[in-house]
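Q: Pasting a structure here, questions to come.
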Amino acid sequence: MLLPVGDEREPVKRTATTILAILIVAAMAPASADIVADVVSLVPHGSHSYAETMAALQEMHLTERVTCVSLGTSHEGRTIAMARVCDPAADPRALKKVLIIARQHGNEPSGTEAMMALLRHLSTTDGARETALLRRVALLVIPMANPDGADHGRRRNARNVDLNRDWAAISQPETRAIESAFVDWRPDVVMDLHELPASSSRSSYQENFVETVGTAATLPASLCAATGRVSAQLSVWMGRYDIPLNVYYDTPGDDLRLCHRHFGLYHQVPTYLFESKTGRGRSLRARAAYHVLGALVVANQLAYHDGPAPVTMQYATSTRPETSAATDPGVAPTRVSLDEPVHMGPDDKGIPRTLLRAEVSGSDEFSYATMELNGVVVALTNQAPYEYAVDTSRCTPGTQQVAVRCYDSSGRCLAGDTRSFILQPTDAVMGE
Ligand SMILES: [Zn+2]
Numbered sequence: 001m002l003l004p005v006g007d008e009r010e011p012v013k014r015t016a017t018t019i020l021a022i023l024i025v026a027a028m029a030p031a032s033a034d035i036v037a038d039v040v041s042l043v044p045h046g047s048h049s050y051a052e053t054m055a056a057l058q059e060m061h062l063t064e065r066v067t068c069v070s071l072g073t074s075h076e077g078r079t080i081a082m083a084r085v086c087d088p089a090a091d092p093r094a095l096k097k098v099l100i101i102a103r104q105h106g107n108e109p110s111g112t113e114a115m116m117a118l119l120r121h122l123s124t125t126d127g128a129r130e131t132a133l134l135r136r137v138a139l140l141v142i143p144m145a146n147p148d149g150a151d152h153g154r155r156r157n158a159r160n161v162d163l164n165r166d167w168a169a170i171s172q173p174e175t176r177a178i179e180s181a182f183v184d185w186r187p188d189v190v191m192d193l194h195e196l197p198a199s200s201s202r203s204s205y206q207e208n209f210v211e212t213v214g215t216a217a218t219l220p221a222s223l224c225a226a227t228g229r230v231s232a233q234l235s236v237w238m239g240r241y242d243i244p245l246n247v248y249y250d251t252p253g254d255d256l257r258l259c260h261r262h263f264g265l266y267h268q269v270p271t272y273l274f275e276s277k278t279g280r281g282r283s284l285r286a287r288a289a290y291h292v293l294g295a296l297v298v299a300n301q302l303a304y305h306d307g308p309a310p311v312t313m314q315y316a317t318s319t320r321p322e323t324s325a326a327t328d329p330g331v332a333p334t335r336v337s338l339d340e341p342v343h344m345g346p347d348d349k350g351i352p353r354t355l356l357r358a359e360v361s362g363s364d365e366f367s368y369a370t371m372e373l374n375g376v377v378v379a380l381t382n383q384a385p386y387e388y389a390v391d392t393s394r395c396t397p398g399t400q401q402v403a404v405r406c407y408d409s410s411g412r413c414l415a416g417d418t419r420s421f422i423l424q425p426t427d428a429v430m431g432e
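In terms of our numbering, the sequence shown opens at residue 1 and continues consecutively.
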C-alpha cells in the first residue's frame, strides 16, 4: 500500500454536508461513484515526509501510466520530482498537458497530498471517465516543488528565499528546474497549489480563491476566453460540492514575481493559482478536496471543451433539485441588488479599497455571480457574501460603473444590477 488510508472518514468540510454525504455513499457504493470522493479517500489525515513522498512516487513509477523524472535538486540535494500520468498507448503528440506545481511553500502540505492521492488513483483506476480523460490529457505533477522547505516545515527554501516571489529572477535551483520543465514540456495549462492563513485582514484572503488571467486588450483573446470559461466551470463545480470559491483576475502590469503571473502573463499560458483556506474545521482532507476537484475541472475542460464530447465529470449524490424558473411557475426568480459601494481606506498592504457587495436571492438555478468594474469582470464568486474589494489605486478618479450578474450552471444570465459611484482623487491614493 503506497499511502495509508484511515479507517474512519473524518468530515472533510466545514459544514460537513455534501462531501461527507458523498464519502459515506462512496463507502457503501462501488468505486468511482464519485471521482473526487474516491481520490479524497486516499488523502492521509497527516502529511507525508519528503522521503515517504519520494518512495510513493517510485512505487507509482512501476505502474504503466506513471513516469517519474527528476527535474533537478534543491540547495540541500533533495530531488525535485515530476510525475507524468497518462494513457501509455495514447499518441504523445495528441495529448494535451496540464503542469501542476504543488508546495512551493514548504509549510503548505494540502497540494502535495491532493496530487499524490490523485496520481495514485489515476495510476490504478479502471474507471471509464478517468480512462477516457487520460487518453486526452497528461498530468505533469510536481508534488513537492520546495522539498527542503517541506522537510523543514517552513515556507521558504534552504537559502531563505520565498520561491513564489522568485519568478521574475528565477534565481533558485527549484524555480530554474520548474522553468526548464515548462520549456521542455510546453504545457497547455499550469496550476499552482497553495494554502491561505487561517486569519488575515486582507478581504481577498477570507475564503478559498483562484487567481488567473482576466480580460485585457493587450492579452490574446483566446487566453482571456479560456481563463474566463474555466473560472465559471470551477465556480459551478465547487458550488456543487459546497466548497466556497472566489475567483480574482490579474492583468498586464501585475507583479510577475509570482508563479501564476509568470506563466499566465509572461508566457501567456492559462494559469490558475489555487489557494485553499486553512483554519478550524478545514482538515487536510478538506483542503486537499479543493485541489483535487480543481485539477479535475481544469483537466476536463482541457480535454473536452473544444471537441464534440461532453464534459464527462459527474457527481453522484446530493444534487440540487433540477428546477427551472422558466418552466416552473412556482419557483421564485433569482434577484440581485448591489449595495452602495463603501470606501474602506487602505488595507494592510496600504492599498486603498472600495467594497462592492451584492444581495442575491431566489431560485435554485443560481450558481455564481460576477462583479464587473467599468465593463471588465474583476471577480466571480459562488457563495455569499457576494463581495469584492476594488483596488482603487488602479482606477482613474471620477465615475466608476459597477455591475453584478447572476448565472446558472450552464452560464445563462439570470439577473443583474448596475450602479455607479464617484471616486474622489483622495480615495484612489495608496496609503503610507
Ligand atoms: Zn503558498
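We treat Cβ as the ideally placed atom computed from N, Cα and C, and that holds for glycine.
All figures in this text were calculated on a predicted structure; none of them were measured in a lab.
Look at Ala-89 and Cys-68 and say whether their C-beta atoms are less than 8 Å apart.
A: Cβ distance not < 8 Å, so Ala-89 and Cys-68 don't count as in contact.
Q: Ligand 1 and His-152: does any heavy atom of the ligand fall closer than 7 Å to the residue's C-beta?
A: No; taking the cut-off as 7 Å, the Cβ of His-152 has no heavy atom of ligand 1 nearer than that.
Q: Quick check: Gly-106 and Arg-155, are their CB atoms within less than 8 Å of each other?
A: For Gly-106 and Arg-155, yes; Cβs fall inside 8 Å.
Q: For the structure I just gave you, are there three or more beta carbon pairs, one from the stretch 92 to 105 and one from the stretch 144 to 164, closer than 8 Å?
A: Verdict: yes, contact present.
Q: According to the neighbour-count rule (16 or more other Cβ atoms, all chains shown, within 10 Å of its Cβ), is His-194 buried or exposed?
A: His-194 should be labelled buried.
Q: Taking 7 Å as the limit between beta carbons, can you name the residues of its chain near Tyr-248, skipping five residues before and five after?
A: Only Ser-204, Phe-209, Glu-211, Ala-379 meet the Cβ criterion.
Q: Can you tell me whether His-260 sits near ligand 1, meaning its C-beta is under 7 Å from at least one heavy atom of the ligand?
A: His-260: no, Cβ never under 7 Å from ligand 1.
Q: Using only the heavy atoms of ligand 1, determine whether one of them is closer than 7 Å to the beta carbon of Glu-108.
A: True, at least one ligand heavy atom lies under 7 Å from that Cβ.
Q: Tell me, please, which residues DSSP counts as bridged to Val-93.
A: Residue identity differs from the one stated: residue 93 is Arg in this sequence, not Val. Partner(s): none; Arg-93 has no beta bridge.
Q: Given Val-429, which residues of its chain have a CB within under 8 Å of its CB, disregarding the five upstream and five downstream residues?
A: Here the set comprises Pro-352, Ser-393.
Q: Quick one: any contact between the stretch 163 to 175 and the stretch 138 to 151, if contact means 3 or more CB pairs under 8 Å?
A: Because the criterion of three Cβ pairs below 8 Å is met, the stretch 163 to 175 and the stretch 138 to 151 touch.
Q: Apart from the five residues just before and just after Thr-426, which ones in its own chain have a Cβ nearer than 6 Å to its Cβ?
A: Around Thr-426: no qualifying Cβ.
Q: Would you say the beta carbon of Glu-113 comes nearer than 7 Å to a heavy atom of ligand 1?
A: Not under cutoff, so the answer is no.
Q: On the three-state DSSP scale, how would you describe Ala-428?
A: Helix, per DSSP.
Q: At what residues does the beta strand (DSSP E) containing Ala-81 begin and finish?
A: Per DSSP, Ala-81 belongs to the beta strand (DSSP E) from 79 to 85.
Q: What do you get for Thr-319, buried or exposed, if any count of 16 or more other CB atoms within 10 angstroms of its CB means buried?
A: Here the model assigns Thr-319 a pLDDT of 36, short of 50, so the residue's position is not dependable and the matter cannot be decided.
Q: Quick check on this structure: which residue in Arg-84, Met-371, Ala-389, Ile-422 has the alpha carbon closest to the alpha carbon of Cys-413?
A: Taking only the C-alpha atoms, the option nearest Cys-413 is Met-371.
Q: Would you mind giving the Cβ-Cβ distance between Leu-139 and Val-98, rounded to the nearest angstrom? I have them listed as a contact below 8 Å.
A: Right, their Cβ atoms sit about 5 Å apart.
Q: Check this for me: beta carbons of Ser-367 and Val-236, under 8 Å apart or not?
A: For Ser-367 and Val-236, yes; Cβs fall inside 8 Å.
Q: His-194: beta carbon under 7 Å from a heavy atom of ligand 1?
A: Yes, ligand 1 has a heavy atom inside 7 Å of this Cβ.
Q: Using DSSP with H/G/I as helix, E/B as strand and the rest coil, what is Asp-417?
A: Asp-417 falls in the strand class under three-state DSSP.
Q: Between the Cα of Asp-34 and the Cα atoms of Gly-253, Thr-125, Thr-79, Glu-365, which residue gives the shortest distance?
A: For Asp-34, the nearest C-alpha among the options comes from Thr-125.
Q: Helix, strand or coil: how does DSSP classify Tyr-249 here?
A: Tyr-249 falls in the strand class under three-state DSSP.
Q: State the Cα-Cα distance for the pair Ala-316 and Asp-242, rounded to the nearest angstrom.
A: Confidence at Ala-316 is low in this model, with a pLDDT of 34, below 50, so the placement of that residue should be treated as unreliable; the coordinate-derived value is given next. Cα to Cα, the separation comes out at about 14 Å.
Q: Over the uninterrupted beta strand (DSSP E) stretch that includes Ser-150, give me the two end residues.
A: What sits at residue 150 in the sequence shown is Ala, not Ser. Premise fails: Ala-150 lies in the alpha helix (DSSP H), 147 to 152, not in any beta strand (DSSP E).
Q: Return the Cβ separation of Thr-79 and Ser-70 in integer angstroms, given the expectation that the two are a contact with Cβ distance under 8 Å.
A: About 5 Å; that satisfies the 8 Å criterion.
Q: Sorted by chain position, which residues of the same chain lie with C-beta nearer than 6 Å to Val-311's C-beta, five sequence neighbours on each side aside?
A: Residue confidence is low: Val-311 scores 41 on pLDDT, short of 50, so the model does not pin down where it sits. Its coordinate-derived value is still stated next. Once the five neighbours on either side are set aside, the close Cβ partners of Val-311 are Asn-300, Tyr-304.
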